[in-house]
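With full-length UniProt numbering as the guide, the letters of the sequence shown map in order to residues 1 to 322.
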Amino acid sequence: MDLVARKKLNLEVLKRHDPNITDILDQSAHAVVYKFDIEKKSWEKLGYEGVMFLTKGKCHPYFSLYILNRLSIENYCLNLTDFEDINLTDEFIIYQTTEGEACAIWLFEKKDRERILAKVQKLHEGIKNLPATPKKQQQQPEPKVDILEMLKRGSTKSTPIPEKQQQQQQPIQQNSPKQTTDLLGLLKKASIQTHPENELRRVPEPFEQQQQKPPVNLIVPTMTPQPPTAPPVPNARNLSLLQVLQNGITPPVPPPIPPQQPVLSQHQLMSLMQPEIARRFNGRPLSKPEFIQQVLHMIQRDPLLLDSLYESYKAQMVPPPF
């Protein structure tokens, strides 16, 4: 895989974790993050190991060091605005965070340390020289429109219309209806036009009878009974598993898929992985659980490992020249 295609693939992986990332400026195959313990006076690992990328974003803070963690699902991101000074001491890129913690990044490739540090220092100086942007004024939220409250106010403030005037205005409204976008006006107009005869025949009651009547609620909430929800229907896979647990029925076995390509033998697989394992695990000897965990993390999270194994595989599969 060429460098352009590899960079495009890595960028797609980073965007899944941080959509702000738009470009990869540099990268290193393996990085480890350390923190200095003041009480023990020694460096301790923070649990972040993997491929490190120098990334560019589309908004503040724009530049950062991003490590795809092989040890857990939590990745490490160091924005170039999170420290005041950064330098190279022995084999470590040492920096102090804004919270006062002393941290360091160790890179497996020696040639990557000075190159990436020079780019980080240049970008960091450029960020410090940028003018401070004024804070945006907080926009006041627009008041919400309560339609029910508008209907109440409209019904209390409406004045009765004389019968003669209402009879004269009704045919005009039917012949030339006005186009309006007022929601309250549309609701009022619909309520008047649905029963025009009842409105014309209505006679105002005496004032004493109006006082004796209890107040009428404009809005009465009604509770409609709803049928109980049916339990979810298990799918075929869960049903077969339930039958196995209860009755001992064997679940249906899916039809075998015929192999389309020859399977790699154990000898071929070991010959492909042996150079990468020897290059990456040249430190202290690992126990068997640690070795298995590291190999699984590399296969799942490191696209560079898969690229290297595939290139070795293609080289072995090429027939020798005659």
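By construction, the Cβ of each residue, glycine as well, lies at the ideal position given by its N, Cα and C atoms.
Test item: CB-CB of residue i and residue j under 8 Å
i     : j      : result
LEU78 : HIS297 : no
Nearest-angstrom Cβ-Cβ length linking residue i and residue j, presumed shorter than 8 Å
i      : j      : result
LEU80  : ILE127 : 6 Å
TYR95  : VAL33  : 11 Å between Cβ atoms; not a contact.
ALA31  : TRP106 : 7 Å
LYS7   : ILE24  : 6 Å
LEU286 : GLN294 : 7 Å
ASP82  : THR98  : 6 Å
For residue i, the nearest candidate out of the options (CA to CA)
i      : options                          : result
LEU123 : GLU109, ILE24 and PHE63          : PHE63
SER308 : LEU14, ALA29 and LEU286          : ALA29
LEU54  : SER312, ASP112 and LEU130        : ASP112
LYS119 : ASN10, GLY50, ASN129 and ASN87   : ASN87
GLU74  : CYS103, PHE291 and HIS17         : HIS17
ASN10  : SER42, LYS40, LYS288 and VAL51   : VAL51
LYS58  : PRO275, PRO19 and GLU109         : PRO19
ASP26  : LEU65, LYS41, ALA278 and GLU39   : LEU65
GLU109 : ILE299, THR89, ARG301 and ARG279 : ARG279
PRO61  : LYS288, LEU130 and ASP90         : LEU130
LYS41  : LYS288, ILE277 and CYS103        : CYS103
Same chain, Cβ closer than 8 Å to residue i, neighbours up to 5 away in sequence not counted
i      : result
LEU269 : none
VAL13  : LEU68 and PRO303
GLN316 : GLN268, SER271 and LEU272
GLU49  : HIS30, ALA31, VAL32, VAL33, ILE67, ASN69, ARG70 and LEU71
PHE291 : PHE281
LEU3   : none
ILE299 : LEU305 and LEU306
LYS288 : none
Beta-carbon contacts of residue i that lie in its chain and below 7 Å, excluding the five residues immediately before and after
i           : result
LEU272      : LEU309, SER312 and TYR313
GLU44       : TYR34, LYS35 and ASP37
GLU101      : LYS35
GLY47       : LEU71 and SER72
LYS15       : ILE21
SER176      : Note that SER176 has pLDDT 45, beneath the 50 cutoff, so the model's placement of it is unreliable and the number below is only indicative. Answer for SER176: no residue qualifies.
residue 325 : This structure leaves residue 325 out entirely; the chain is present only between 1 and 322.
GLN274      : none
GLU208      : Any reading at GLU208 must be qualified, since the residue scores a pLDDT of 49, below 50, and its modelled position is unreliable; the value itself is stated next. There are no such residues.
Chain D contact for residue i (CB, 8 Å cutoff)
i     : result
ILE24 : Absent here is chain D; the protein component of the structure consists of one chain.
Close Cβ partners of residue i (< 6 Å) along its chain, the five nearest in sequence each way excluded
i      : result
ILE93  : ILE105 and LEU117
GLU114 : none
- Message: Please give the ranges of any beta strand (DSSP E) in the stretch 4-91, keeping only runs that are unbroken, at least 3 residues long and fully inside the region.
- Response: Secondary structure within the stretch 4-91: the beta strand (DSSP E) runs of 3 or more consecutive residues, fully enclosed, are 21-37, 42-57, 63-69, 76-79 and 83-89 (chain order).
- Message: Please give the ranges of any alpha helix (DSSP H) in the stretch 267-312, keeping only runs that are unbroken, at least 4 residues long and fully inside the region.
- Response: As far as the stretch 267-312 is concerned, its whole alpha helix (DSSP H) runs of at least 4 residues are 288-301.
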